[in-house]
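Peer 1: Chains as they are written, first to last, in full-length UniProt numbering: chain A, 1 to 409; chain B, 1 to 513.
Glycine is no exception: its CB is placed at the ideal position from the N, C-alpha and C atoms.
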Amino acid sequence: MTGAAVVGLVVNPVAGLGGAAGLKGSDGVEVQRAALARGATPRAGERAARAVRTLMARCPGTRVVTAPGPMGEDSARASGVPCGLVRTLSVDRSAGASSGWSAAGTSAEDTRRAVAALAGVDLLLFAGGDGTARDVLDAVRALGGQAPPVLGVPAGVKVYSGCFAVSPAAAGFVAAEFDPARTAEAEVVDLDEDAYRRGLVSPRLYGSLRVPAVRAALSGRKAGSSGVAPATAEGVAREVVARMWPGVRYVLGPGATTRAVGRALGLATTLLGVDVVERAPEGGRGGRLVAADVAETELFGLVSGKESVLVLSVIGGQGFVLGRGNQQVSPRVLDAVLNGGQKDGSGSSERLLVLATQQKLAALKGRPLLADSGDEDLDKKLGGHVQVITGYRESTIYRICAASEEFDG
Amino acid sequence: MNTTESFGELPVTPKPPLRRFHQARWDEPIIFELSAPGRRGIAVPEPGAPRVELPDSVSRAQPPKLPEMSQLHVLRHYLRLSQENLGVDLNIDVGQGTCTMKYSPKVNDRFAAAIAELHPLQHEDTVQGVLEIYWRLERMLGEISGMARVSLQPGSGSAAIYANIAMIRAYHAARGEARRDQVITTMFSHPSNAACAKTAGYEVITLMPDAEGLPDIEALRAAVGPRTAALMITNPEDTGIFNPRIREFVDLVHAAGGLACYDQANANGILGITRARDAGFDLCHFNLHKTFSTPHACGGPAAGACGVSEDLAPFLPGPVVAFDGESYRLETPPASIGKVRPFLGVTPNIVRAYAWIMALGAEGLRQVAETAVLNNNYLMHKILQIPGASAPWDRRRVEQVRYSWQELSEQTGVHSEEIGVRAADFGVHYWTSHHPYVVPEPFTLEPTESYSKEDLDEYALILAHVAEEARRDPEFVKGAPYNQTVHKIDMTPLDDPKEWAPTWRAYVRKHLS
């Protein structure tokens with residue numbers, strides 16, 4: 001990107017709110033209120049700021065134009081960048097000072113208006129999840145041929161669309177490297193959150209957005225998992241159960257493979273929630289459901305000071321192990337499990353079990369697994385190689401890295 | 001379309017570049033359905049001697065339900081079936097990549113027939129010639145691999161891999177290291193390595209390829225440890241890419257106390273060029289039906305050969321042939337894992353492989369590898385000119401290439417499997433069961449040394465033609481084959497034990513009763 005380029009920034013301040021709270025998404029004012037009530041803190045603004053900082057470090061001359069308050073202005077200011085503002089909101093609300101805004105006071109309509117007001121930029125960055133991407137898509141469609149190319153900064157609970165960079169930092173890199181002559185189409189998909197909360201995973205294709213053509217740094221659309229033979233998931237589950245020790249707490253992340261682990265223990269664990277289980281004492285069969293579908297706060301309480309193991313599956317097509325759909329496993333939960341309260345990190349490799357079929361790993365085409373827990377230092381500590389269980393007495397050793405480091409231009 | 005055939009006109013019209021092929025379709029019943037009670041091939045006359053009554057313990061209560069047929073009908077039946085076939089003696093069989101389809105000289109069948117009347121229980125003194133062939137072939141394979149001793153007993157490549165893993169297990173047990181319970185392999189090594197290790201009770205760790213298409217050496221570094229029993233690896237892998245850091249792989253495993261086992265089932269690209277032992281391997285195996293030209297025989301009997309270093313020699317399957325300078329005899333190594341095949345092994349194939357190597361000599365073997373590699377690179381050059389075909393990872397290839405139709409498939413919706421099926425309308429084929437599909441829309445071509453430039457041109461022309469058809473009329477390609485014996489097969493019963501029937505008896509039980 002040339003020094004004189006203009007980058008637009010739109011932040012959906014409520015994106016990702018429902019994740020740590022175990023609400024599977026953040027669509028709708030009631031879910032957002034519930035998330036705030038469960039102690040969720042907005043993170044989208046912070047993630048957008050990270051992207052802007054990375055962009056400005058590479059392309060100091062770039063001009064940032066954004067919407068007022070938490071919809072972009074706050075993030076730009078947090079990254080120390082002077083920015084131009086566009087007028088986006090209806091008169092009565094924009095009359096208030098930005099400090100008087102509550103994050104939950106914004107809506108999909110605000111996102112659409114902001115995008116429309118920023119139509120003249122060279123590249124539009126937006127921070128959010130799949131729901132935000134749909135709002136952006138709507139606005140871009142309304143603009144027709146006038147719409148700028150866009151790039152998503154991943155900040156939502158579900159980030160399954162292909163228009164997102166793998167991490168906030170990667171979004172900054174991609175924006176810095178952006179060549180207007182090289183764009184590609186990326187799909188926007190989303191799940192019906194109500195159905196998703198009931199355990200139904202049915203992504204819908206909504207359309208496509210024009211994005212910078214840098215395949216490696218975009219997270220890629222989530223691949224469906226329908227092709228996985230049930231026998232494979234059962235084999236993986238059998239292997240996990242064989243490795244379980246009584247008296248240790250196992251945190252099962254969302255997914256069909258992890259649910260098979262619950263089934264192998266004779267437990268009704270959830271498909272999309274984070275569950276905590278223990279194996280029956282020596283000689284006993286089955287296991288015990290310590291807690292089902294926990295929020296971050298509860299989870300932290302359950303693993304603090306208790307020997308625990310994380311059992312997480314891989315998001316097909318993207319490679320994410322942490323930070324997509326399982327935000328309940330927050331940085332402090334991760335730290336409590338991997339380090340067990342001890343700082344030397346000994347034995348941390350046995351405290352994370354990653355599950356994936358060989359087919360799922362093959363589909364990554366040599367790209368590493370990704371960690372985007374929300375704490376880059378912790379993600380970096382996880383970097384290296386991790387054993388991935390692919391079947392009963394079958395595994396592979398696979399590269400994992402911090403999503404913020406995956407793309408360095 | 002002109003329906004008049006021009007074959008009868010003079011002068012004979014030149015042949016078009018693409019064959020107007022049409023496979024025979026005889027609609028031939030199963031031989032059991034052709035049976036008619038009382039029909040005979042030979043009317044055997046009554047013997048002019050008293051009958052010999054068999055003891056009850058060996059005589060059948062019911063006669064076997066064999067088909068009853070005349071000689072002509074038997075001959076006709078099998079000739080018809082042979083016409084409904086594709087194979088190396090009939091077509092350009094380069095599409096059976098990783099299987100190393102090459103010409104098996106017919107004269108070698110004559111040599112194999114020469115030993116057909118030996119009895120496996122004959123005394124060693126009376127079979128010195130066959131034992132000498134075993135001894136000499138063992139020495140030759142020892143020279144080719146650099147290994148100290150070789151067993152020619154296994155009845156197939158996978159049996160040889162299993163013998164190797166059994167030796168690895170016995171070796172560690174003899175050293176009091178039975179707790180080594182992990183075997184490391186790679187995604188592009190032959191899956192028999194993982195399967196044999198698992199059958200032998202090992203936990204299997206499979207290394208995925210890195211972005212360069214090579215097994216990730218950093219993953220190996222993370223994988224090795226006190227539980228490592230062995231690395232079992234193919235090189236070049238099924239991608240045709242030779243791993244230039246193979247010595248480092250072996251050293252890493254040795255440093256952890258594990259053994260290194262080289263799958264050389266297909267050694268066709270490296271004969272006389274590089275040796276397993278020189279890269280530090282402790283064990284290796286060959287499939288005589290791949291590299292050394294014995295018939296593949298569709299599932300057997302084939303022959304495999306295990307080669308081992310001095311340290312592993314005491315564990316070889318027994319018996320092996322020993323030579324004291326004057327005579328050959330059979331002996332069982334002191335810590336032998338036991339027998340892996342009755343008697344000596346598949347002796348006719350040992351004779352064929354011996355004859356093949358003797359006909360070529362050391363120089364000839366190296367020329368086999370050089371010609372195979374040249375053929376492969378020529379074919380790759382031709383294939384990569386077809387729009388929509390690619391060879392992932394921009395690296396040099398040895399004797400085969402795993403290609404991809406990803407681009408063509410994305411543009412036309414036609415899958416690799418469907419292109420292979422349409423190619424059968426021109427008398428060739430390729431297979432695609434490369435699961436999981438690390439290379440999307442895969443096909444693997446391996447021309448070996450047997451095929452001429454004209455063969456490779458014809459094969460490439462067929463694929464180019466089908467790819468062009470896929471762009472013009474994808475539905476037409478998806479509807480193929482049109483000129484084949486069988487048009488479409490429903491594969492789903494293959495996954496259902498209630499449906500499949502590998503024998504006539506099972507078919508009658510499951511479907512006719």
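1. By the 7 Å beta-carbon criterion, what residues does the region 195-218 of chain B contribute toward chain A?
2. Do you know offhand how far A/A260's Cα is from A/R249's?
3. Run through chain A and tell me which residues come within less than 7 Å of B/P436, C-beta to C-beta.
4. So is A/I397 in contact with chain B if we call contact Cβ pairs under 7 Å?
5. In chain B, which residues lie less than 7 Å from A/R393 when you measure between Cβ atoms?
6. Per DSSP, A/F126 is paired with what?
7. Take every Cβ of the region 121-136 of chain B, pair it with every Cβ of the region 467-477 of chain B, and state whether three or more of those distances are shorter than 8 Å.
8. Within the same chain, show all residues whose beta-carbon is closer than 7 Å to that of B/R203, passing over the 5 residues directly before and after it, in chain order.
9. Looking only at its chain, what residues have a beta carbon closer than 7 Å to the beta carbon of A/V333, apart from the 5 residues adjacent to it on each side?
10. Which runs of the alpha helix (DSSP H) fall wholly inside the UniProt domain "Aminotransferase class V" (177-292) of chain B and span at least 4 residues, in chain order?
11. Just the C-alpha distance for A/R47 and B/L384, rounded to the nearest angstrom, thanks.
12. Would you say B/A223 faces chain A, with C-beta separation under 7 Å as the test?
13. Go ahead and pull the three-state DSSP assignment for residue 417 of chain A.
14. If we cut at 7 Å on Cβ distances, does A/G366 have a partner in chain B?
15. With DSSP as the reference, identify every bridge partner of B/F443, one or two as the case may be.
16. When you compare only the Cα positions, how much space is there between A/L9 and A/R263?
17. When DSSP builds the beta bridges, which residues end up paired with A/R204?
18. Look at the alpha carbon of A/I315 and the alpha carbon of B/D216, and state the distance between them as a whole number of angstroms.
19. If you draw a straight line from the alpha carbon of B/Y171 to that of B/L312, how long is it in whole angstroms?
20. A/S346 to A/N339, Cα distance in whole Å?
21. Taking A/V140 and A/T390 to be in contact with their CB atoms under 8 Å, please state how far apart those CB atoms are, rounded to whole angstroms.
22. Taking Cβ positions, are B/T228 and B/A256 nearer each other than 7 Å?
23. Using beta-carbon positions only, say whether B/L283 and B/N193 come within less than 7 Å of one another.
24. Assign A/T257 to buried or exposed, taking buried as 16 or more other Cβ atoms, counted over all protein chains shown, within 10 Å of its Cβ.
25. Which whole runs of the alpha helix (DSSP H) in the region 250-335 of chain A are 4 residues long or more, in chain order?
26. Name the two residues that bound the continuous alpha helix (DSSP H) containing B/L365.
27. In angstroms with no decimal places, state the Cα-to-Cα distance between B/P447 and B/F426.
28. Using a 10 Å radius around the Cβ and a threshold of 16 neighbouring Cβ atoms, would you call B/K488 buried or exposed?
29. Ordered along the chain, which non-local residues of its own chain (more than five positions away) have a Cβ less than 6 Å from that of B/Q406?
30. Per DSSP, what are the beta-bridge partners of B/F323 in this structure?
31. Would you call the CB atoms of B/G307 and B/Q153 closer than 7 Å?
32. Find out if the Cβ-Cβ distance for the pair A/G172, A/T66 is shorter than 7 Å.
33. Spatial neighbours of B/R19 within its chain, please: C-beta separation below 7 Å, excluding the five flanking residues on both sides.
34. Could you pull the start and end residues of the beta strand (DSSP E) that A/R63 belongs to?
35. Residues in the same chain with beta-carbon distance under 8 Å from B/L463, minus the five sequence neighbours each way, listed in chain order, please.
Peer 2: Let me spell this out:
1. K198, E203, V204, I205, T206, L207, M208, P209, D210, A211, D216, E218
2. 17 Å
3. The contacting residues are Q358, Q359, A362.
4. yes
5. Under the 7 Å cutoff, chain B gives K198, E203, V204.
6. In the DSSP assignment, A/F126 forms a beta bridge with A/V10, A/G152.
7. Segments in contact, no.
8. Per the sequence shown, the amino acid found at residue 203 of chain B is Glu instead of Arg. The beta carbon of B/E203 is closer than 7 Å to those of D181, Q182 in its chain, skipping five residues each way along the sequence.
9. So the list reads E296, L299, F300, V303, once near-sequence residues are dropped.
10. Within the UniProt domain "Aminotransferase class V" (177-292) of chain B, the complete alpha helix (DSSP H) runs of at least 4 residues are 191-199, 217-223, 246-255.
11. 44 Å
12. yes
13. Absent from the model: residue 417 of chain A. The displayed extent of chain A is 1 to 409, so no value can be given.
14. yes
15. B/Y403
16. Straight-line Cα distance between these residues: approximately 45 Å.
17. A/D190
18. 21 Å
19. 7 Å
20. Confidence is the limiting factor: at A/S346 the pLDDT is only 47, short of 50, which leaves the residue's position unreliable, though a coordinate-based value still follows. Whole-angstrom Cα-Cα distance: 7 Å.
21. Going by Cβ atoms, the distance from A/V140 to A/T390 rounds to 40 Å, so no, they are not a contact pair.
22. yes
23. no
24. buried
25. 256-264, 296-303
26. 347-383
27. 18 Å
28. exposed
29. P440, E441
30. B/Y328
31. no
32. Taking 7 Å as the Cβ cut-off, A/G172 and A/T66 do not qualify as a contacting pair.
33. Same-chain partners within the cutoff: F426, G427.
34. 63-66
35. I383, I386, A389, I419, A423
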